[in-house]
Every structure is written in structure tokens, then in C-alpha cells.
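Here the structure is laid out as C-alpha cells; the discussion comes afterwards.
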Amino acid sequence: MAATDAPRRLDADSAPDGLTEGDLLELYRRMVLLRTYDERSVVLHRQGRIGTYAITWNHEAIQAGATFALTDDDWIFPSYRESSIGLVRGMPAETILQWWRGHPAGWWSPADWNVASICVPIATHVPHAAGLAWGKKLRGEDTVAMAFFGDGATSEGAFHEGVNFAAVMDAPVVFICNNNGWAISTPVEAQTRAATLADKAIGYGIPGVRVDGLDVLAVYGAAREAVERARAGNGPTLIEAVHYRAAPHATADDPRAYIDL
Numbered sequence: 266m267a268a269t270d271a272p273r274r275l276d277a278d279s280a281p282d283g284l285t286e287g288d289l290l291e292l293y294r295r296m297v298l299l300r301t302y303d304e305r306s307v308v309l310h311r312q313g314r315i316g317t318y319a320i321t322w323n324h325e326a327i328q329a330g331a332t333f334a335l336t337d338d339d340w341i342f343p344s345y346r347e348s349s350i351g352l353v354r355g356m357p358a359e360t361i362l363q364w365w366r367g368h369p370a371g372w373w374s375p376a377d378w379n380v381a382s383i384c385v386p387i388a389t390h391v392p393h394a395a396g397l398a399w400g401k402k403l404r405g406e407d408t409v410a411m412a413f414f415g416d417g418a419t420s421e422g423a424f425h426e427g428v429n430f431a432a433v434m435d436a437p438v439v440f441i442c443n444n445n446g447w448a449i450s451t452p453v454e455a456q457t458r459a460a461t462l463a464d465k466a467i468g469y470g471i472p473g474v475r476v477d478g479l480d481v482l483a484v485y486g487a488a489r490e491a492v493e494r495a496r497a498g499n500g501p502t503l504i505e506a507v508h509y510r511a512a513p514h515a516t517a518d519d520p521r522a523y524i525d526l
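When you line the sequence shown up against our numbering, it's residues 266 to 526, in that order.
In C-alpha cells, the structure reads:
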């Protein structure tokens, strides 16, 4: 299914459901902020001022829309692809850029922003999100965790361990899969026999939702429903946000080696 074929979340009048003009402006501000940071980071890499950088072009709607469904007390677990997601929580850009430089100042205290440290090994943060959500539930706290990862992460054991644990424990966590069609050079159809990545939720007895990852309103609508479900004590949800990769996997990648351009 192409990204444009995935469900969108608009009401009968083609107006966003329950969002004010101020909400729409904030969603737009977040997308512009994330894209601007991303473009600047690519320039800094080319100048030799930061190391290899994971480009996030076309991921802005997913990050902005999903996080808009959270409160400041909720937790975000980013992959390296969402390194800039702390910006929506007010994290200084220089802190994130220092992380890409490998500087000690680039490691932030997760509790300061409710944004977990970035785990570079694929999917290793998925069990972390499930564990934190379960711990918050045991404490009786009204907290939801949200984990972001790419389509390649769904082929990793840690992904299945984390999702299964969250499902068994009814942990209040939302799993966001950024399906851009490629795990570096491996196409998604070479990773699974499932019709969609959202279908993987069936094996764990939790809802799986597929949305247009280029539509910030679609992402927000799906994320809001999943967050509300988690907060009500009904367990996790897997959201597959379908879009396409508009840039190389990272600044060290040359997609001409495996994609016909």
C-alpha cells in the first residue's frame, strides 16, 4: 500500500476532529522546527562539524503528530531517527547536536524532559518503553510511554520482546513504526510475509493501526486514540505510519547502490 492509500483521519466536513486553529498552528510549527533542524544538521555534517547523521526528511508529520497526543508527563523513547524529537519538549538544539558530535554534553538527563536517551542498536529501546510504562502503572501514575522505531526494527527480537511484554502486562505504551519502506538497503517486502507491519499486532492481541505518515492529522488522530486507550488501562497499540524515504538512510549512505534512481 502506498502512503497516500493509507487511512486519513478527517471528519465528514474534511476538518480536523477536535483541533483548534491554535492546535493546527502548533502542529505546523513543530513540523517546520523539525525540518529546519534536520536540514541544518545535514549542512553541519557536510562541514565536518558533526558525525554521521540520520536524516529525517518526510518523518516530520509522524513525530509532530504523535507527540502532540501526549502530555508533558508522558515519556518519549526515540530511535536515532527521532534524535531531534526533544525539540518539541523544549530541549536545546545544541544538546542534541553535541550528541551527534560524540561530546559528553550531548547526554541529557531523561527525567529533565521525559525523553529517553537514544539507543543506537535497533529496537533495544522498545523493551525500555514497555518497562517504564509498566512501572508507572504499578505506581498508579497517569503516564503513557511512546516508542518510535523504523520498519527494520520489527525484524529484531527486542521489538517482539517489548511488544509482547507490554501486551501481557497491559502496559500503557504506544508503539510508532515509521515505515519508509527501507531498512537501510533492505526493502520491507524482504523482511516479512505479513501484509502490513500493523498486522504484527495480531500475534500479541493488541490493536494495529495503519495511517498515512505524510498526513500529520492522520498520525495525530491515530496516536490520540492509542494514548487514550492506554491511559484508560486498555494496554498498548501498534501504529504503522506509512511514508517514503526522501533522502539517504544517513549521511554515510549512498542509495544509488541499491535503488534505481
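Don't be surprised by glycine CBs; every beta carbon is placed ideally from N, CA and C.
Boundaries of the beta strand (DSSP E) harbouring residue 440: 438-444, taken from the DSSP string. DSSP, reduced to helix, strand and coil, places residue 333 outside both helices and strands of the structure shown, so it counts as coil.
At the C-beta level, residue 503 and residue 463 come within 9 Å of one another.
Residue range 422-433 is occupied by the alpha helix (DSSP H) that includes residue 422. Boundaries of the alpha helix (DSSP H) harbouring residue 486: 481-496, taken from the DSSP string. Its Cα nearest to that of residue 409, the residue 497 stands out among 448, 389 and 497. Counting only runs of 3+ residues, the beta strand (DSSP E) found wholly inside the stretch 278-351 occupies 340-342, in chain order. Around the Cβ of residue 315, a 10 Å sphere holds 16 or more other Cβ atoms; the residue is buried. About 5 Å separates the Cβ atoms of residue 395 and residue 436, confirming a contact at the 8 Å cut-off. One thing to note: residue 317 has its Cβ no nearer than 9 Å to the Cβ of residue 483. When the beta-carbon positions are compared, residue 467 and residue 417 stay at least 9 Å from each other.
Per DSSP, reduced to three states, the secondary structure at residue 355 is coil, with no helix or strand assignment. In this structure, residue 384 sits away from residue 419, with a CB-CB distance that is not shorter than 9 Å. Take residue 306, set aside five residues on each side of it, and the residues of its chain with a beta-carbon closer than 6 Å to its own are 318, in chain order. Boundaries of the alpha helix (DSSP H) around residue 391: 390-403. Less than 9 Å divides the Cβ of residue 492 from the Cβ of residue 334. Here residue 506 carries a strand assignment [DSSP, helix/strand/coil]. For residue 376, the enclosing alpha helix (DSSP H) stretches over residues 375-378. When the alpha-carbon of residue 324 is set against those of 424, 302 and 309, the nearest one is in 302. Taking the Cα positions, residue 501 is about 23 Å away from residue 354.
In the displayed model, residue 477 falls within a strand according to three-state DSSP. A straight-line Cα-Cα distance of about 31 Å links residue 351 and residue 470. Using a Cβ distance threshold of 9 Å, residue 414 and residue 349 do not count as a contacting pair.
For residue 412, the enclosing beta strand (DSSP E) stretches over residues 410-415.
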